[in-house]
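**Q**
Protein chains: 2
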Amino acid sequence: MSFLDQIIEPTFVVSESICRRNIEAMADKARRLGMNLRPHFKTHQLHEVGRWFRDYGINTITASSVRMAEYFAQDGWDDITVAFPVNIRETDRIRALSERVKVNLLVENREGIAALEKGLTRPAHIWIKMDCGTHRTGFTADQFDQVDELVEILAKSPKLRFQGFLTHAGHSYKARSREELAAVHAGTMDVIRKFRGRYDTLVPNLQMTYGDTPTCFTMDAFPGVTELRPGNFIYFDWMQWQISTCTPEEIGGVAACPVVAKHPERNIAIIYGGAVHFSKDFIENDRGERVFGKVGAWTENGWTLSPDGPELIAISQEHGQVRTTPEALARMQIGDLLPIAPVHSCLTQDLLRGNTVIV
Amino acid sequence: MSFLDQIIEPTFVVSESICRRNIEAMADKARRLGMNLRPHFKTHQLHEVGRWFRDYGINTITASSVRMAEYFAQDGWDDITVAFPVNIRETDRIRALSERVKVNLLVENREGIAALEKGLTRPAHIWIKMDCGTHRTGFTADQFDQVDELVEILAKSPKLRFQGFLTHAGHSYKARSREELAAVHAGTMDVIRKFRGRYDTLVPNLQMTYGDTPTCFTMDAFPGVTELRPGNFIYFDWMQWQISTCTPEEIGGVAACPVVAKHPERNIAIIYGGAVHFSKDFIENDRGERVFGKVGAWTENGWTLSPDGPELIAISQEHGQVRTTPEALARMQIGDLLPIAPVHSCLTQDLLRGNTVIV
Chain F
5 MSFLDQIIEP TFVVSESICR RNIEAMADKA RRLGMNLRPH FKTHQLHEVG RWFRDYGINT
65 ITASSVRMAE YFAQDGWDDI TVAFPVNIRE TDRIRALSER VKVNLLVENR EGIAALEKGL
125 TRPAHIWIKM DCGTHRTGFT ADQFDQVDEL VEILAKSPKL RFQGFLTHAG HSYKARSREE
185 LAAVHAGTMD VIRKFRGRYD TLVPNLQMTY GDTPTCFTMD AFPGVTELRP GNFIYFDWMQ
245 WQISTCTPEE IGGVAACPVV AKHPERNIAI IYGGAVHFSK DFIENDRGER VFGKVGAWTE
305 NGWTLSPDGP ELIAISQEHG QVRTTPEALA RMQIGDLLPI APVHSCLTQD LLRGNTVIV
Chain W
5 MSFLDQIIEP TFVVSESICR RNIEAMADKA RRLGMNLRPH FKTHQLHEVG RWFRDYGINT
65 ITASSVRMAE YFAQDGWDDI TVAFPVNIRE TDRIRALSER VKVNLLVENR EGIAALEKGL
125 TRPAHIWIKM DCGTHRTGFT ADQFDQVDEL VEILAKSPKL RFQGFLTHAG HSYKARSREE
185 LAAVHAGTMD VIRKFRGRYD TLVPNLQMTY GDTPTCFTMD AFPGVTELRP GNFIYFDWMQ
245 WQISTCTPEE IGGVAACPVV AKHPERNIAI IYGGAVHFSK DFIENDRGER VFGKVGAWTE
305 NGWTLSPDGP ELIAISQEHG QVRTTPEALA RMQIGDLLPI APVHSCLTQD LLRGNTVIV
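Protein chains in written order, with this note's numbering: chain F, 5 to 363; chain W, 5 to 363.
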């Protein structure tokens, strides 16, 4: 394959056709359900990939940092949610961004609100972080007294326009089947129902924006939700396969890594590809072993992946160890590239942004 | 502190005075033992930090990739070991590098040797990878037949000048005390003795280059070794503290991360600082919990760290969760920066290369 001939070091290979299918599926679903789709661009972090979304009618996006929002604003995106609690040390930067594009900002304390009130020159859309069960940050349905306080402050602000609640079902990543995902989803929808019960009458036109790829991609009903913010679904990864979110055929990005050594005595191939390329997220396989990536095979126009494939079982800074079979190892040649589905594509793409090929 | 006022997002803060003490200690030891010191520059990856080493008489360095070797060659380093098995897809790049500076290259198979023999235009120093017990890659003392074959091929090469064996005691990272480190070290020295026993008479002036910070920094005798290649010792990190390599006072780099939310109900502070800043390496504390970093306190000119300090117990892409005490949480203000010793400074510095401050 010609695109492989150009690759000399660990490189992220993105399949445009698979990614476009994933985008289309998600865009169709949001349209069918009457919800806005505001995909999280933290997964790909690339102008070129971001532009594909426009072909499916998407004009609103999510970023996980002010820096990332600036990057996409440079490419013409003009309605951006920064889905991270306002970092008051960045107020000047947020002001500059808000003077160029429409920004949606996330708050969860008085200090954040005060910094925006003082620092911004133009009106901004404001969201309060809701904790729908992940218990990372935000307010649970047991903390309405604290939420009330912020809602009241925002109601009096001439500049900060309270829209509603933003949440992310990060605990869906612990699921290992569609049934477990459905259980997580039922719990998160219950939290949304409680917030609606409390704030629907207090806040006119209350909005609810909801994230996470596993439930957004697989569940069919989101009662009370007005907007979806999944990100990972453009590429998926081997963790999403384990969660049961995607099939191997839906995985839209792999790392291409050169084989540099072979150890037949222990059925291990050493690749150029380590923690500075994959990061160090892992899943555990059925035997309780850590897995950092799933090895596939190249095809004429891309790759195939299978649950039976070899696994990337250890990584250090630059080295990776792929455990394979005697037959497969015998076929591998020094210098061959292996296509490896990362366990967490967001982190691998982040590390390989400077080394990405689109096919 | 003035340098903190300039920091608005996750930033790696390097203490020049601590780093210089660490470099001096290691340089003194190598000189005392009559060994060359060839520090691994994969830890800091920065020209400015690299230049400090010159003040301690160091002119030879190690890199973990051809790309990194190119970066340091640009800053005048002209004797570089690329301590990674030759990736034959990069032969053109290696040739270009070898035409500018003296390179030491690592091989462990016929294919690597053949690619260099064919691709290089000038003589290069060649090392064979020895496995001293880590079982990542290289040859063990049970594989002399395979080593013999490579040594013979190299002996006939007009271009490739075989120097000896290169090894890295990566398994020292599993130690948790000086006694355990000493046991690892005894095993690695035994492998070196066996290789010397086999090749001393076959190879004139046989060299042995030996890596890893834990044993190089703490052990006193390296019989048969001619060169040391530790890297992490310039910064150390909280993993090295756990291994017993360093004291908290010797840790030369911390990530400064803004506090963005507080959750008194579970004694958690949320920081701007996640997997794209720290990577996802972790250690386990005495209670078997994962720890991604150790939180210290700022002082007038730097920071202090203590085993009793709060821990970074969870990270997602941009968020970190610091578990602390009610009293400490009450003192923390939204917008404060926390100094956090990473668990693995090499990976954190890699991610924060563009956001580094030297104090």
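Every residue gets a Cβ at the ideal spot worked out from N, C-alpha and C, and that includes glycine.
Give a yes or no on whether the C-beta atoms belonging to Ala87/W and Thr64/W are separated by under 8 angstroms.
**A** no
**Q** Under three-state DSSP, which class holds Leu170/F?
**A** strand
**Q** Looking at Val361/W: is its Cβ nearer than 8 angstroms to the Cβ of Val17/W?
**A** yes
**Q** Determine which residues share a DSSP beta bridge with Ile287/F and list them.
**A** Val295/F
**Q** Mapping the DSSP letters down to three states, classify Trp245/F as helix, strand or coil.
**A** helix
**Q** With distance defined between alpha-carbon atoms, name the residue in Asp354/F, Val258/F, Asn359/F nearest to Leu316/F.
**A** Val258/F
**Q** Counting only the same chain and skipping the five closest in sequence on each side, list residues whose C-beta sits under 8 angstroms from that of Leu355/F.
**A** Val280, His281, Phe282, Ser283
**Q** Under a CB-based cut-off of 8 angstroms, is Tyr276/F close to chain W?
**A** yes
**Q** Scan the segment 197–265 of chain F and note each continuous alpha helix (DSSP H) run of 4 residues or more that stays entirely inside, going in chain order.
**A** 217–222, 242–247
**Q** Give a yes or no on whether the C-beta atoms belonging to Gly174/W and Thr138/W are separated by under 8 angstroms.
**A** Yes, these two residues count as a Cβ contact at 8 angstroms.
**Q** Which residue's Cα is closest to the Cα of Arg71/W: Val90/W, Ile62/W, Gly61/W, Arg55/W?
**A** The shortest C-alpha separation from Arg71/W is found at Val90/W.
**Q** At the level of alpha carbons, what is the spacing between Arg233/F and Pro43/F?
**A** 5 angstroms
**Q** Between which two residues does the beta strand (DSSP E) harbouring Thr360/F extend?
**A** 360–362
**Q** To the nearest whole angstrom, what separates the beta carbons of Met223/W and His189/W, a pair I think is in contact under 8 angstroms?
**A** 5 angstroms
**Q** Indicate the three-state DSSP secondary structure (helix, strand or coil) for Gly324/W in the structure shown.
**A** strand
**Q** Taking Tyr75/W as part of the alpha helix (DSSP H), name the residues at either end of that continuous run.
**A** 70–77
**Q** Under a three-way DSSP split, which group does Trp307/F fall into?
**A** strand
**Q** Is it right to say Leu341/F is buried, meaning 16 or more other beta carbons lie within 10 angstroms of its own, or is it exposed?
**A** buried
**Q** Cβ of Ser6/W less than 8 angstroms from any chain F Cβ?
**A** Chain F contact via Cβ: absent.
**Q** Are the segment 236–255 of chain W and the segment 214–228 of chain W touching by the rule of at least three beta carbon pairs closer than 8 angstroms?
**A** Here the segment 236–255 of chain W makes contact with the segment 214–228 of chain W; the two share three or more CB pairs at distances below 8 angstroms.
**Q** Could you tell me the alpha carbon to alpha carbon distance between Ala179/F and Thr192/F, rounded to whole angstroms?
**A** Using only the alpha carbons, I get a separation of about 14 angstroms.
**Q** So Cys350/F packs on Thr47/F, CB below 8 angstroms; how close in whole Å?
**A** 5 angstroms
**Q** Count the other C-beta atoms from every protein chain shown that fall within 10 angstroms of the C-beta of Gly201/W, then say buried if there are 16 or more, exposed otherwise.
**A** Under this definition Gly201/W is an exposed residue.
**Q** Give every residue of the same chain whose Cβ lies closer than 8 angstroms to the Cβ of Ile338/W, excluding the five residues on either side of it in the sequence, and list them in chain order.
**A** Val263, Val264, Ala265, Lys266
**Q** Ordered along the chain, which non-local residues of its own chain (more than five positions away) have a Cβ less than 8 angstroms from that of Gly61/W?
**A** Ala31, Arg35
**Q** Residues of chain W with CB under 9 angstroms from Thr141/F, in chain order?
**A** Those within 9 angstroms of Thr141/F in chain W are Val264, Ala265, His267, Ile272, Ile274, His323, Gln325.
**Q** Would you grab the beta carbon distance between Thr85/F and Asn108/F for me? Rounded to a whole angstrom, and I think it's under 8 angstroms.
**A** 4 angstroms
**Q** In chain order, what residues of the segment 332–352 of chain F put their CB closer than 9 angstroms to some CB of chain W?
**A** Listed in chain order, the positions of the segment 332–352 of chain F with a beta carbon within less than 9 angstroms of a beta carbon of chain W are Gln337, Ile338, Gly339, Leu341, His348, Cys350, Leu351.
**Q** Please name the residue in Gly358/W, Arg58/W, Thr95/W whose C-alpha comes closest to that of Asp79/W.
**A** Arg58/W
**Q** Would you tell me roughly how many angstroms separate the C-alpha atoms of Phe166/F and Met243/F, rounded to the nearest one?
**A** 35 angstroms
**Q** From Lys160/W to Gly235/W, what does the alpha carbon distance come to, in whole angstroms?
**A** Straight-line Cα distance between these residues: approximately 33 angstroms.
**Q** Kindly give me the distance between the Cβ atoms of Asp83/F and Val53/F, rounded to whole angstroms, as I take these residues to be in contact under 8 angstroms.
**A** Incorrect: roughly 18 angstroms between the Cβ atoms, too far for contact.
**Q** How long is the line joining the alpha carbons of Val299/F and Ala345/F, rounded to whole angstroms?
**A** Taking the straight line joining both Cα atoms gives about 6 angstroms.
**Q** For chain F, is any of its Cβ atoms less than 8 angstroms away from the one on Ser310/W?
**A** no
**Q** Taking the straight line between their C-alpha atoms, what separation do you get for Gly277/F and Leu50/W?
**A** 21 angstroms
**Q** Taking only beta-carbon atoms, is Gly174/W less than 8 angstroms away from chain F?
**A** Under the 8 angstroms criterion on CB atoms, Gly174/W is classed as interfacial with respect to chain F.
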